[in-house]
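So the sequences go chain by chain: G and R.
Numbering (numbering that gives the first Met the number 0) for the first sequence: 0 to 647.
Numbering (numbering that gives the first Met the number 0) for the second sequence: 0 to 647.
All remarks here apply to the structure that follows.
2 protein chains.
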Amino acid sequence: MLHTPKRWFIGRPLRSDRLGETLLPKRLALPVFCSDPLSSVAYATEQIVLVLGLGGLGLLYLTPWLGTAVVVLLVVVVASYRQTCYAYPNGGGAYAVSRDNLGVRASLVAASALLVDYVLTVAVSVVAGVAAITSAIPALAPHAVVLSLALVVLLTVVNLRGVKESGRAFAVPTYGFVAIVFILLAVAGLRLATGQTLTAESASWGLVPDHRTGGLLTVFLALRAFASGCTALTGVEAVSNGVPSFEEPKSRNAATTLATMGGLAITMFAGITALAVVTHVHMAEDPAHLIGLPAGQEQRTALSQIGLAVFGGGPAFYLLQAFTAAILVLAANTAYNGFPVLASLLAHDGHLPRQLARRGDRLVFSNGIVLLAAVAGLLIVAFDADVTRLIQLYIIGVFVSFTLSQAGMVRHWSRELRAVRDPRTRRSVRRSQAINATGAAMTTLVLLLVLVTKFTHGAWIVVIAMPLLFVLMLRIRRHYDTADAEAAPRPGGVTLPSRIHAVVPVVKINEPTLRTLAFARAIHPDDLTAVTVRVDPAETDRLFAEWVGRDIPVPLAEIDSPFRDIVQPLVDHVRSIRRSSPRDVVCVFIPEYVVGHWWEALLHNQTALWLKTRLLFQPGVMVTSVPWQPASSHAAMDPEDRTPVGVG
Amino acid sequence: MLHTPKRWFIGRPLRSDRLGETLLPKRLALPVFCSDPLSSVAYATEQIVLVLGLGGLGLLYLTPWLGTAVVVLLVVVVASYRQTCYAYPNGGGAYAVSRDNLGVRASLVAASALLVDYVLTVAVSVVAGVAAITSAIPALAPHAVVLSLALVVLLTVVNLRGVKESGRAFAVPTYGFVAIVFILLAVAGLRLATGQTLTAESASWGLVPDHRTGGLLTVFLALRAFASGCTALTGVEAVSNGVPSFEEPKSRNAATTLATMGGLAITMFAGITALAVVTHVHMAEDPAHLIGLPAGQEQRTALSQIGLAVFGGGPAFYLLQAFTAAILVLAANTAYNGFPVLASLLAHDGHLPRQLARRGDRLVFSNGIVLLAAVAGLLIVAFDADVTRLIQLYIIGVFVSFTLSQAGMVRHWSRELRAVRDPRTRRSVRRSQAINATGAAMTTLVLLLVLVTKFTHGAWIVVIAMPLLFVLMLRIRRHYDTADAEAAPRPGGVTLPSRIHAVVPVVKINEPTLRTLAFARAIHPDDLTAVTVRVDPAETDRLFAEWVGRDIPVPLAEIDSPFRDIVQPLVDHVRSIRRSSPRDVVCVFIPEYVVGHWWEALLHNQTALWLKTRLLFQPGVMVTSVPWQPASSHAAMDPEDRTPVGVG
């Protein structure tokens, strides 16, 4: 029944042998895997300015220094991950790398961090994109939650259609955003070079500090601002995770893409931060603290203030706004590429339900995509599509996985060193190891900073969620292991049951019952009994009379049921057969009414279902459903099955 | 798993042969079946005063006349229903009577009216009771919905325990209410006889009319007030419906109980109405229309104003309030006795799902009780526990069923007349018929009045709900009829299938698979194939190698699946077997993992379940589940099954 709309949304199924076709050339891989890190430059600068603003205008002089620190960190992390692309051509996410080098538990820590972060990427990016839209069109503001959910659905559908098509769909906004920001930087450079002054609308506004400063307090605020600026690094992981999706040579293409992304992101972030300083952008977390903001006016985002100052309104400014909104929404797409692949790896290793490891009709991991969308949707609803609150949960997971991944790479190179003798190769390996060691050290430091400065601002939620996920994944694996061990073939082999006792529960004599009896007789069991439960004595007597009258060649037994229950006496009956001959098997034949509409299920089969469930818990019992297909069940049938062939 | 709490709430199951024990003596039958009509005197007078008040104080002179009209109606209806008790000793609800005399469709109209009304009885009575409580303890007012739902749950549990116990539980409040009202009337009579004046607190308050009066408008308002006063008649039906629950002689005891109830209700209603006139109770639907009501004070109910005037505060007044609240809540119990019995009759006749016809552990119709509670709970939530809005939906159903029931009785006596020759008996039958004819005529008139005067005030909801229910019941019956006709044994009998083809889907070789193969071999099918779907070529090759290595004596076939789907290729395979030999039957053996915890269901059996569902739609296929019970399934097992006996 769900066939036609599914086809319409998702497209026709793709054959497995077309998997190779969905590999990505670099120019498509960039928008698919890099929209997240590229889009973060839209808000990273603003985060620094906002937090510094808590200490008043006096602290804004720190902006360039903090910006520089973020750039340095970005360089180190990109360099680090390029090593990973080469070392792990089959996908070197933090999970694979730490599993390989640090063991299962460390890899599960990384995995839970990544899973949480992918979900947050979707939620934060979509909500931020919607916020950009609603600040352009204030009439849409009350519908932020619905708009966000609609975008999540849109992204889900696009991704369910398969990787290649989404690469194409997302190229325009990503390249558009990069282009418009570079135009912004170029125009600003030109105007500054010709001696013009660029002034943000907020340059003249004052700011009431809401934080004491001086000494350690200033240091703490600066560190918190730096931690917030680190949102520029979110999503760098995605490329190394996606190496298998690149065209050959996979590793080299991935490393090149990563470097390109790094170059673009650094230039854009540095340029925007510089312009924020030059144009004197002043912002406050609480607009009431801004002196000079006209009543009723919302403060614009840092990037749009810069855009206004440079372009002075006009089409270029609106283009900047539009592309910003577009890339923010599409950044979520990075997670749609990363999450399902990671979930399938985890499912393959038995840490998540097996359904997540299976590729869907369009060769993507459909279940993972749907799961990601569902959880992100819940977060959006729970946090009422509020960017400020959601963003506090972000980056902890990023830096946990960064740290584990880099630490794992250090170990990886140590092992390589043991195998390599050639001095030139050894030198190159040592250099790679040094790069990853620097990365590991720096990301560890930043992780501690983020934890300390953001814990009370909402990060504690992630600090609780990650260990829960970690324990869940450990327990799922333990469950599968136990199940497999129990189910392992036993050395003695399986002995055939000595005899088969067939039991057919009967309520009244009709075609389904008679057919069930015929099927039961067809397997030639060692004995066959029809059994009825005496609830209403008059009815039971009528049944016996009809049974004799019709000359049915199967003995009919009755069971007493003083408590009017039908299921328990039948279960007891089956149990007593098994008890008297434990080497035999009991086969219970249950007629089942096949329903064509969901509501028919309320009118039929209630007792059959309950009886079946109870019997499955009995050792040495098999339960055979003999379906009865009335005309009404045809509604839910394949057309070719619609004319029942009939058994006799 | 639900066993222990269920026992604790509901009690141990009762044997069917104890059904006789739950019969009620008259002194218990009165509270069980009459708390509804008795409790209505607590608000019927108030309804008259409230509606008349819409026209200003000038119309209150009509109160005694309208009160008299209600009393006359009550006498007629009680007299009418006493005839029914004698004519239908097996339960003469409007449904049975109109089915017998007016045909199926009329009876279903009556049934839908009754079902709607039982639900409303629960909702209105519970909410009114809670309103009585919250006006005594204003702090509870914000929790009215939760309190109402808690009371519904309490009533449900008490009723699930069985009729007799609820009779006892409800005797005290019912008799207590009757007693305190009679004390009220006696004290008032004494004080008036000794020349004292009784004045309600509202006697001096003025009233702004919010309705034009004069001519037809006055007549319309008077009729609406009368219609509202008819709430005093709700629930009279219950006794005639419950005749089978009375001790022998059932009919006579029921008729006596009905007469007793009528006498009590009429005396109480007439007395309270007289006192409302004497003490000058002034009330307004909208408190803002009362001149003199102190700011911030809510107007008290009419009965409590009379109580204050007569008892002058003190313990007797609070006792009156407490018993009023108690009987209002317990009035809902009438519906708990009526609804499940009616639903079981309807289910027995195939108009409602069959589950409703089955008696539960404690010999009551548990499913009906739970259904009633659920729908009433929904209504309470939807109407925000607001008595004024809920009460507008009331009485339409009551008078529909009154009318049909009395009209049915008129026909019933006509048929009797045809059979009877003895002049004395004929005279008695003619007298009965006259009583019922009067009843039918009067209730028809009142029904029209209620419809016209209350339609726009909310009654339209019921006018929509009843036909929907009517159509639903017709369609359920038609569905069962079609199903039975299709399932009727065919004249030719069932031919045994010629051959059995057994198919065992295999994913990997483990104990559940091997056991399933052993069970399949044990039935000695004409041919047996293990089938695997080639999704991952490497895995399939490994499976074949192990199959050969283990020397499994069943051929293993593989099916290609270019789209990675497992279920569809297997269904196609089964279909092709059937197509090449349509007189044979295919038996598919599916290993099923028995789970002990609900969450394990997410980790196992997903494919097995889907495959099974799809196969049941195939004609000539039976599906055998071979359960595999791992240790973790023991959590949900009966202790005696916990040590698997093992098959070989």
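Ideal Cβ placement from N, Cα and C applies to all residues, glycine included.
- Query: When burial is assigned at 16 or more other CB atoms within 10 Å of the CB, is Asn89(R) buried or exposed?
  - Reply: By the 10 Å Cβ count, Asn89(R) comes out exposed.
- contact_flag[the segment 112 to 130 of chain R, the segment 326 to 338 of chain R] where n(CB pairs < 8 Å) is 3 or more: With the cut-off at 8 Å, the segment 112 to 130 of chain R and the segment 326 to 338 of chain R touch.
- Message: Using only CA atoms, which one of Leu101(G), Ala224(G) and Gly175(G) lies nearest to Thr62(G)?
- Response: When each option's Cα is compared against that of Thr62(G), the closest is Ala224(G).
- Message: Please tell me whether Val493(G) has its Cβ less than 9 Å away from any Cβ of chain R.
- Response: The beta-carbon of Val493(G) is placed less than 9 Å from the nearest beta-carbon of chain R.
- Query: Taking 9 Å as the CB-CB cut-off, is Ile475(R) touching chain G?
  - Reply: By this cut-off, Ile475(R) is an interface position.
- Item | Cβ-based contacts, 9 Å cut-off: residues of the segment 405 to 429 of chain G near chain R | Listed by position, the residues of the segment 405 to 429 of chain G near chain R (Cβ gap below 9 Å) amount to none.
- Item | Exposed unless 16 or more other CB atoms sit within 10 angstroms - verdict on Glu666(G) | Only positions 0 to 647 of chain G appear in the structure, and residue 666(G) is not among them; the question remains open.
- Query: In this structure, does DSSP put His142(R) in helix, strand or coil?
  - Reply: The three-state secondary structure of His142(R), taken from DSSP, is helix.
- Message: On a Cα-Cα basis, can you pick out the residue from Gly234(G), Leu65(G), Ala237(G) and Thr278(G) that is closest to Ala187(G)?
- Response: Comparing Cα-Cα distances from Ala187(G) to each of Gly234(G), Leu65(G), Ala237(G) and Thr278(G), the minimum goes to Thr278(G).
- Message: Any beta carbon of chain R sitting closer than 9 Å to that of Asn509(G)?
- Response: Yes, because at least one Cβ of chain R sits closer than 9 Å to the Cβ of Asn509(G).
- Return the bridge partner residues of Pro504(R) from the DSSP annotation. Its beta-bridge partners are Val530(R).
- Task: Tell me, to the nearest whole angstrom, how far the beta carbon of Leu257(G) is from that of Val238(G); I am working on the premise that it is less than 8 Å.
- Result: That pair is a contact at about 5 Å.
- Item | Those runs of the beta strand (DSSP E) which lie wholly inside the segment 415 to 449 of chain G and span at least 3 residues | Runs found: none.
- Runs of beta strand (DSSP E) wholly within the segment 563 to 605 of chain G (minimum 3 residues, chain order): Within the segment 563 to 605 of chain G, the complete beta strand (DSSP E) segments of 3 residues or longer fall at 584 to 592, listed in chain order.
- Pick helix, strand or coil for Trp204(G), following the three-state DSSP scheme. Note: Trp204(G) maps to coil in three-state DSSP.
- Thinking C-alpha only, which one of Ser624(G), Ser631(G), Arg613(G) and Val180(G) is nearest Ser632(R)? Closest in alpha carbon position to Ser632(R), among Ser624(G), Ser631(G), Arg613(G) and Val180(G), is Arg613(G).
- Give a yes or no on whether 9 Å exceeds the smallest Cβ distance from Pro208(R) to chain G. Using a Cβ-Cβ cut-off of 9 Å, Pro208(R) does not count as an interface residue toward chain G, since no Cβ of chain G sits closer than that to its own.
- Task: Kindly say whether Phe32(G), judged by its beta-carbon, lies nearer than 9 Å to any beta-carbon of chain R.
- Result: No - not a single Cβ of chain R is within 9 Å of the one on Phe32(G).
- Which first and last residues belong to the beta strand (DSSP E) in which Pro626(R) is found? Per DSSP, Pro626(R) is one residue of the beta strand (DSSP E) stretching across Val620 to Trp627.
- Proximity winner among Val69(R), Trp412(R), Ala325(R) and Leu608(R), relative to Asn100(R) (alpha-carbon distances): Selected option, being the one with the closest Cα: Trp412(R).
- Is the segment 482 to 502 of chain R touching the segment 511 to 531 of chain R in the sense that three or more CB pairs, one from each, lie closer than 8 Å? A contact is defined here as three or more CB-CB pairs under 8 Å, and the segment 511 to 531 of chain R meets this definition with respect to the segment 482 to 502 of chain R.
- Could you tell me the boundaries of the alpha helix (DSSP H) in which Ala484(R) lies? Where Ala484(R) is concerned, the enclosing alpha helix (DSSP H) stretches over Ala458 to Ala486.
- Say the cut is 8 Å; is the CB of Gly213(R) nearer than that to a heavy atom of the ligand FAD? Ligands displayed in this structure: none; no statement on the ligand FAD is therefore possible.
- Segment limits, alpha helix (DSSP H) that includes Leu555(R): Here Leu555(R) belongs to no alpha helix (DSSP H); instead the beta strand (DSSP E) covers Leu555 to Asp559.
- Message: Quick check: is the beta carbon of Gln605(G) nearer than 9 Å to any beta carbon in chain R?
- Response: It does: the Cβ of Gln605(G) has a partner Cβ on chain R nearer than 9 Å.
- How many angstroms separate the CA atom of Pro561(G) from the CA atom of Arg420(R)? Rounded to the nearest whole angstrom, the C-alpha separation of Pro561(G) and Arg420(R) is 46 Å.
- For Phe181(G), does the three-state DSSP call read helix, strand or coil? Judged by DSSP in its simplified three-state form, Phe181(G) adopts helix.
- Task: Consult DSSP for Phe245(R) and reduce its assignment to one of helix, strand or coil.
- Result: Phe245(R) falls in the strand class under three-state DSSP.
- Message: Three Cβ pairs or more, each shorter than 8 Å: is that satisfied between the segment 297 to 314 of chain R and the segment 195 to 212 of chain R?
- Response: Contact holds: three or more Cβ-Cβ distances are below 8 Å.
- Query: With 16 other CB atoms within 10 Å as the buried threshold, where does Met0(G) fall?
  - Reply: Residue placement at Met0(G) is poorly supported in this model, since its pLDDT is 40, which falls under 50; the coordinates are not used for a value here.
- Item | Option nearest Leu119(G) by Cα separation, candidates Val573(G), Asp535(G), Phe382(G) and Leu58(G) | For the options Val573(G), Asp535(G), Phe382(G) and Leu58(G), the alpha carbon positioned closest to that of Leu119(G) is the one of Phe382(G).
- Classification of Ser575(R) by the beta-carbon crowding that lies within 10 angstroms, buried from 16 upward: By the C-beta density criterion, Ser575(R) is exposed, having fewer than 16 other C-beta atoms within 10 angstroms.
- Task: Give a yes or no on whether 9 Å exceeds the smallest Cβ distance from Gly647(R) to chain G.
- Result: Reliability of the predicted coordinates at Gly647(R) is poor, the pLDDT of 33 falling under 50, and the value obtained from them is presented with this limitation in mind. Interface with chain G (9 Å Cβ-Cβ cutoff): Gly647(R) is included.
- Task: Given a cut-off of 9 Å, decide if Val530(G) and Val505(G) are closer than it, judged by their beta-carbon atoms.
- Result: Taking a C-beta distance under 9 Å as the contact criterion, Val505(G) and Val530(G) qualify as a contact pair.
- Query: Candidates Gly52(G), Val157(G) and Tyr60(G): which alpha carbon is nearest Val31(G)'s?
  - Reply: Residue Val157(G) is the option with its Cα nearest to Val31(G).
- Determine the direct distance from the alpha carbon of Val40(R) to that of Ala372(G), and round the result to whole angstroms. Spanning the two alpha carbons is a distance of roughly 57 Å.
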